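Engineer:
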Amino acid sequence: MSEIFSKIESILQTRFHPTRLLIRDDSAKHEGHAGHDARGESHFYLEIVSDSFKGKSRVECHRMIYEALDELLRTRIHALSFKALAADSPKN
Amino acid sequence: MSEPEIFATIRSDLANNDVVLYMKGTAVFPQCGFSAAVVQVLNSLDVTFKSVNVLDDEEIRQGIKQFANWPTIPQLYIKGEFIGGCDIIREMYTSGELQQIMADKGVKAA
Chain A
-15 MSEIFSKIES ILQTRFHPTR LLIRDDSAKH EGHAGHDARG ESHFYLEIVS DSFKGKSRVE
45 CHRMIYEALD ELLRTRIHAL SFKALAADSP KN
Chain B
11 MSEPEIFATI RSDLANNDVV LYMKGTAVFP QCGFSAAVVQ VLNSLDVTFK SVNVLDDEEI
71 RQGIKQFANW PTIPQLYIKG EFIGGCDIIR EMYTSGELQQ IMADKGVKAA
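Same order as they appear, the protein sequences are chains A and B.
For the first sequence, my numbering gives the first residue as -15, with consecutive numbering after it.
For the second sequence, my numbering gives the first residue as 11, with consecutive numbering after it.
1) Have a look at B:E68, B:G90, B:G95 and flag the residue whose alpha-carbon is nearest the alpha-carbon of W80 (chain B).
2) Mind checking the region 71 to 82 of chain B against chain A and listing, in chain order, the residues whose C-beta falls within less than 8 Å of any C-beta there?
3) Report yes if the C-beta distance between L65 (chain B) and K34 (chain B) is below 8 Å; otherwise report no.
4) Once the 5 residues before and after D35 (chain A) are set aside, which same chain residues still bring their CB inside 8 Å of it?
5) Tell me A63 (chain B)'s beta-bridge partners as DSSP assigns them.
6) Counting contacts by CB-CB distance shorter than 8 Å, is G116 (chain B) in contact with chain A?
7) In this structure, what does DSSP give as the bridge partners for D9 (chain A)?
8) When the Cα atoms are used, what is the spatial distance from Q109 (chain B) to Q76 (chain B)?
9) Which one of A:I32, A:S11, A:Y29 has the shortest CA to CA distance from R23 (chain A)?
10) With hydrogens ignored, establish whether the beta-carbon of D54 (chain A) is closer than 7 Å to any heavy atom of the ligand MN.
11) Should Y87 (chain B) and V51 (chain B) be called a contact, given that it needs their Cβ atoms to be closer than 8 Å?
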């Protein structure tokens, strides 16, 4: 049941070595709404803190995550909401 | 490499409107929670904006993703510059940065 969850976790761990990573499967909140997948695991929320995001703009950080999860986004994930921060981000 | 023809339409919309939101549904009837959230932010700032419903046009829907190198909708542009999607806009609104950008770029309230 948590196949996509595990994939997201392993991709983000490998790519960004985050100091904090929270992944929440919000799919159940979207049952019956367009984009909901009967297989579940279609809507996720992430919070990730990593040195990889140091000195990057929000748009750059988000692009890095989208790129890392590109295949999953095209095939399984309908909606992904997230917060990406560098450890020393002043807007933490 | 030649760019997709739809980019000309996108550029013209961006040139003719200070604030453009590519979204699912319309400003009055958003069809996606993320799009609705950005409309709500813009309304609360009393900003005039052009909304483009990507559900009406598959070419725009795919084209805008390539244009911004950004795989999701909504997308907000101010004075031709891509600012972000829903998460970024909400964060920037909460921190006051969005209001600052509008002021810096001379975008007037409605």
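We treat Cβ as the ideally placed atom computed from N, Cα and C, and that holds for glycine.
Owing to the predicted nature of the structure, the values given are computational and were not obtained by experimental measurement.
Structural biologist: This is what the structure holds:
1) Taking the second sequence and counting its residues from 1, one reaches residue 80 (chain B) at position 70. Considering only alpha carbons, the answer is B:G95.
2) Per Cβ criterion, the list reads N79, W80, P81, T82.
3) Along the second sequence, one-based indexing puts residue 65 (chain B) at 55. Along the second sequence, one-based indexing puts residue 34 (chain B) at 24. In contact: L65 (chain B) and K34 (chain B) (Cβ atoms closer than 8 Å).
4) To locate residue 35 (chain A), count along the first sequence from 1; it is residue 51. Counting only Cβ-Cβ distances below 8 Å, and skipping sequence neighbours, we find H1, T3, A70, A71.
5) In the second sequence, counting from the first residue as 1, residue 63 (chain B) sits at position 53. Reading off the sequence, residue 63 (chain B) comes out as Asn, not Ala. BP columns for N63 (chain B) point to B:M33.
6) The count along the second sequence starts at 1 and reaches residue 116 (chain B) at position 106. False, the Cβ-Cβ gap to chain A never drops below 8 Å.
7) Against the first sequence, residue 9 (chain A) aligns to sequence position 25. Per DSSP, A:F28.
8) The count along the second sequence starts at 1 and reaches residue 109 (chain B) at position 99. The count along the second sequence starts at 1 and reaches residue 76 (chain B) at position 66. Between Q109 (chain B) and Q76 (chain B), the alpha-carbon positions lie close to 27 Å from each other.
9) Within the first sequence, numbered from 1, the residue matching residue 23 (chain A) stands at position 39. Out of A:I32, A:S11, A:Y29, A:S11 has the C-alpha closest to the C-alpha of R23 (chain A).
10) Inclusion of the ligand MN in the displayed structure is not the case, the ligand content being empty and no account of it being possible.
11) Numbered from its first residue, the second sequence carries residue 87 (chain B) at position 77. Numbered from its first residue, the second sequence carries residue 51 (chain B) at position 41. In this structure, V51 (chain B) does not lie closer than 8 Å to Y87 (chain B) by Cβ.
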